[in-house]
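Engineer: Residue numbers (the numbering used here): 1 to 568.
Pasting a structure here, questions to come.
Laid out in structure tokens, this is it:
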């Protein structure tokens, strides 16, 4: 009979101030310890594989809620467990509510499905974790992914996991699957759709700080998002993914009849044979893509559209996105930076669209607009297209305002409706390595340069003024020192910041749509480290839902912003 080792409680530590709605209080160490212990069910144990259990499955089956299955370094081949009754597709690991499955690292603990089933399967479970391991070699004819999740809440967390060399998708979230996926490396997978990550049928996971690399599929080679899904994809790198079927869409990301929020992502070197080398929004898709870099992607198919982004019958908001160096290499491929066709159409604001190229036979090196498209384009830079016009309209009526169109090989003519404030002048990009698209001193696009109506002195383009290897020194916040731990968190997290010297500090918390959640102020915070505990409540003391929240630490005119994820 195996004897499982009992988990120890964390040692007592001094408790920081707890922020609860508009007021704060000190929590004594004993209460802090009680809160920590309450999160761990009495009798929780750690079950060792293979020291106590020969297989991961056996350890999980023996585990109770609160237990941890700890898997030693090694490769595990046990893909024999039916996932939906006798004779159904097997999996190596079947998740269980309340149980944490933890490996020894992505290069140390390997779950190898050997092409005979799914790697990890979770259906209808909650409050469980999978972390610190690798899944590879999964395959089945129907949803044979490395990790398949169905009907799960945000309390199902997959963290620090590599998923590689799977033949029917890396990770699939389907049928109202809303897990939290953090720091995954999803690479070199193949699928019928969604080579790296497929999000389908009402699923809205949180996807944070993931790398989705070198995957292949007929649609959505990197990420495929379909049918009433509203995921948040934040801080991810989506690179070198390739569409392998003619007229397939979304080399990096394909969005179909869904409304994702895509923020702070790097989307580079992806290839499509249909729409959208970087990102494709099709079939009445919407949502938001903001503060992203879309660079070096290619629309390589005959009649492909949108080297960087393609939008067809969809109305996403495209905000503060740097879209540079994308190409349309296919025959009659068009829209080097962005292609928009039909209505509804997107809002494009504060974007830098530079150095893109259409094909030799195509149009619109910067932006191509066709077939009734009517987007709004505001406060953007369309510059230096190496082939094709900056802005091209074919039976399209965009409203263009406060936009600089300059230096494009095929010309800088404005088309559509002139909303005022447009001009053609060198934007004066910095041109220094790593900061090419920031604005140099004297740029006509800098904040304050276009002071009159209708631009009102607002920044034009995605990037601010300031050249050089680093921003100007920030005197009060040490090296942008702020953070929070744990992250993701439930039910509370500690937010901290560090100052050079004592001074006033304000911390503001918002949701991803910019709605104010909570403000905390210090008239005079002490030099060094200050921290407080946030319990996921707003200014009125109301509990907030699961999601990504942004917090901004401000002092003496300087600030630092960070993001955190609340899991209920």
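Here a beta-carbon is modelled for each residue, glycine too, at the ideal position from N, C-alpha and C.
#1: Taking just the CA atoms, how far does residue 318 sit from residue 402?
#2: Using the beta-carbon count (16 or more within 10 Å), is residue 561 buried or exposed?
#3: Judging by CA-CA distance, which residue of 139, 173 and 208 is the nearest neighbour of residue 565?
#4: Could you name the residues that DSSP lists as bridge partners for residue 122?
#5: If you measure between the beta carbons of residue 66 and residue 98, is that distance less than 8 Å?
#6: To which residues does DSSP link residue 520 through a beta bridge?
#7: With H, G and I counted as helix, E and B as strand and the rest as coil, what does DSSP make of residue 23?
#8: Please name the residue in 294, 177, 190 and 500 whose C-alpha comes closest to that of residue 217.
#9: Whose CA, out of 221, 289, 234 and 247, lies closest to the CA of residue 269?
#10: Which of helix, strand or coil does DSSP assign to residue 250?
#11: Quick check on this structure: which residue in 250, 259 and 295 has the alpha carbon closest to the alpha carbon of residue 280?
#12: Nearest CA to the CA of residue 546: which residue from 107, 178 and 172?
#13: May I ask you to list the residues that DSSP assigns as paired with residue 320?
#14: In angstroms, rounded to a whole number, what distance separates the CA positions of residue 309 and residue 286?
#15: Nearest to residue 100 by CA position, among 136, 159, 347 and 502, is which residue?
#16: Using only CA atoms, which one of 382, 370, 548 and 462 lies nearest to residue 393?
#17: Hey, which unbroken runs of the beta strand (DSSP E) at 3 residues or more fall wholly within the segment 359–408?
#18: Is it true that the CB of residue 446 sits closer than 8 Å to the CB of residue 407?
#19: Looking at the secondary structure, which residues open and close the alpha helix (DSSP H) in which residue 60 lies?
#20: In its own chain, which residues sit with a C-beta less than 6 Å from the C-beta of residue 31, not counting the 5 before and 5 after it?
#21: List the DSSP bridge partners of residue 81.
#22: In this structure, what does DSSP give as the bridge partners for residue 465?
#23: So, with DSSP's three-state summary, where would you put residue 569?
#24: Over the uninterrupted beta strand (DSSP E) stretch that includes residue 328, give me the two end residues.
#25: Distance, Cα to Cα, residue 267 vs residue 53?
#26: I need the DSSP call for residue 45, collapsed to helix, strand or coil.
#27: Just the Cα atoms here: how many angstroms apart are residue 147 and residue 482?
#28: Per DSSP, what kind of secondary structure is residue 571 in: helix, strand or coil?
#29: Using only CA atoms, which one of 429, 226 and 454 lies nearest to residue 461?
#30: What three-state label does DSSP hand residue 497 in the structure shown?
#31: If you draw a straight line from the alpha carbon of residue 116 to that of residue 339, how long is it in whole angstroms?
#32: Scan the segment 191–257 and note each continuous beta strand (DSSP E) run of 3 residues or more that stays entirely inside, going in chain order.
#33: Considering only the beta carbon of each residue, do residue 133 and residue 152 sit closer than 8 Å?
#34: Would you mind stating whether residue 198 and residue 224 have Cβ atoms separated by less than 8 Å?
#35: Residue 114 and residue 79: beta carbons closer than 8 Å?
#36: Please check the pair residue 506 and residue 519, which I expect to be a contact at CB under 8 Å, by giving their CB distance rounded to whole angstroms.
Structural biologist: Taking the structure as given:
#1: 16 Å
#2: exposed
#3: 208
#4: 149
#5: yes
#6: 507
#7: Its pLDDT being 35, under 50, residue 23 is placed unreliably in this model, and the coordinates cannot settle the point.
#8: 190
#9: 221
#10: coil
#11: 250
#12: 178
#13: For residue 320, which the question treats as bridged, DSSP gives no partner whatsoever.
#14: 13 Å
#15: 159
#16: 370
#17: 367–370, 376–378, 381–383, 391–394, 399–401 and 404–406
#18: no
#19: 56–62
#20: The predicted position of residue 31 is uncertain, since its pLDDT is 37 and thus under 50; no value can be drawn from it.
#21: 91
#22: 439
#23: In the structure as shown, the chain begins at 1 and stops at 568. Residue 569 is therefore absent and cannot be evaluated.
#24: Note, residue 328: premise wrong, no beta strand (DSSP E); not H, not E.
#25: 42 Å
#26: strand
#27: 34 Å
#28: Since the first and last residues shown for the chain are 1 and 568, residue 571 lies out of range.
#29: 429
#30: strand
#31: 42 Å
#32: 197–200, 206–208, 211–213, 223–226, 232–234, 237–239 and 253–256
#33: no
#34: yes
#35: yes
#36: 7 Å
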